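Numbering-wise, the sequence shown is residues 1 to 326 according to UniProt numbering.
Structure, as structure tokens:
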Amino acid sequence: MTTTTNIPSESSTDNVKPKRILYGGWIDKLPEKWAPYAFLARIDKPIGTWLLFWPCAWSATMAAYSHHLPTWDTAVMIAAMGFGAVAMRGAGCTINDLWDRNMDNKVERTKIRPVAAGTVTVPQAIAFTGAQMFCALGTFMMLNNYTKVLSLSSLALVVTYPLMKRVTYWPQVVLGLAFNYGALVGWSAMTGSLDPAVCAPLYLGGVAWTLTYDTIYAHQDKRDDVLAGVKSTALRFGDKTPQWLTGFSSAFVGLTALAGYMNGQGLPFYLISVGGTAAHLAWQLRTVNYDDPKSCWQKFASNKQIGAIVWSGLLADTVLAASHVV
């Protein structure tokens, strides 16, 4: 009796469908062709959108406060900038993943990113970037000409940030300059110009804030980053990270307070925006474990609360000023 072994032919193995990459959360419930794009834009992790949006909201609200601008006009512009933040954050993430595709596949946390994993091709990612920027065009067309030029000038920062991780241990500075551009755009969108006395400290304070939260974020990947050749402030600061971040956090609080002072903000701003932010940052730095990726992510993500705290104080100031209480 002769026995035979069924060996799959080459053609049959070629027809085996590759296993779907699972990203986690609700994205995995999307159609298989959609999921990589949703993950590419980080739609499931809106923290980046919040961090991009808050400086816009702060600046626009401060301009409305000192210039006594209509509430409805302010609300419409802030909502438009919120929509723009969603679109531009997604575009920025896609650009970042295009540049980093040959490094992301060497880092455990990022190796499933669609461009690095090959589930989205480079041409597809470029087209997706263009589509997201087209969506942001709606917000762009609402801006005055001064702000349009100002906004376009930020694109150089968006494109070059990923490259900085290859050449300097301070890429977070460039990220801060890009992510806090709203401190300039929000003000100019409301007034048609910039007030350096207010906008400069607000902008620089935001950069110090980014250096704080993104250094915490970078500590998640510090071991893999060394192997992949990725540079960051987390690697630059090392064991002295607590001291550095105490300095940057203090600079953020101090510069935000200075911006408020130059704008004539009232007591609610100092109690809520300044005091609340200082307390939240103190809690972050006291409780974060830089060697625990989960702790780093949680503290990083909590910074959306800081944005809300600063804005709450500004809104309280605006409401009280409108009612002639302050």
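C-beta: ideal position from N, C-alpha, C; glycine also.
None of these values were measured; they are calculated from a predicted model.
### Query
What span of residues does the alpha helix (DSSP H) with I21 cover, start to end?
I21 -> no alpha helix (DSSP H), and no H or E assigned at all.
### Message
If you reduce the DSSP assignment to three classes, tell me which class A60 lands in.
### Response
helix
### Message
Among W283, I216 and P171, whose alpha-carbon lies nearest the alpha-carbon of K294?
### Response
I216
### Task
Could you tell me the distance, in whole angstroms, from the CA atom of L213 to the CA atom of F300?
The sequence as given places Tyr at residue 213; Leu does not occur at that position. Cα to Cα, Y213 sits roughly 5 Å from F300.
### Query
Distance, Cα to Cα, A282 vs M164?
29 Å
### Message
Suppose the cutoff is 7 Å on Cβ atoms and the five residues either side in sequence are ignored; what does the same chain contact list for P171 look like?
### Response
Y161, M164, K165, K231 and S232
### S11 (DSSP reduced to helix, strand or coil)
Because S11 sits at a pLDDT of 44, beneath the cut-off of 50, its placement in the model cannot be relied upon, and the point is left open.
### Query
Span of the alpha helix (DSSP H) holding H280?
G275 to T287
### Message
What residue range does the alpha helix (DSSP H) around Q298 cover?
### Response
P293 to A301
#### Entry: Buried versus exposed, by CB contacts within 10 Å (16 or more), Q284
buried
### Selected residue, minimal CA-CA separation from residue 379, among V319, G307 and K240
Since the first and last residues shown for the chain are 1 and 326, residue 379 lies out of range.
### Query
Candidates F39, D292 and V174: which alpha carbon is nearest K222's?
D292
### Query
Hey, quick one: how far does the alpha helix (DSSP H) through R223 stretch, first residue to last?
K222 to A228
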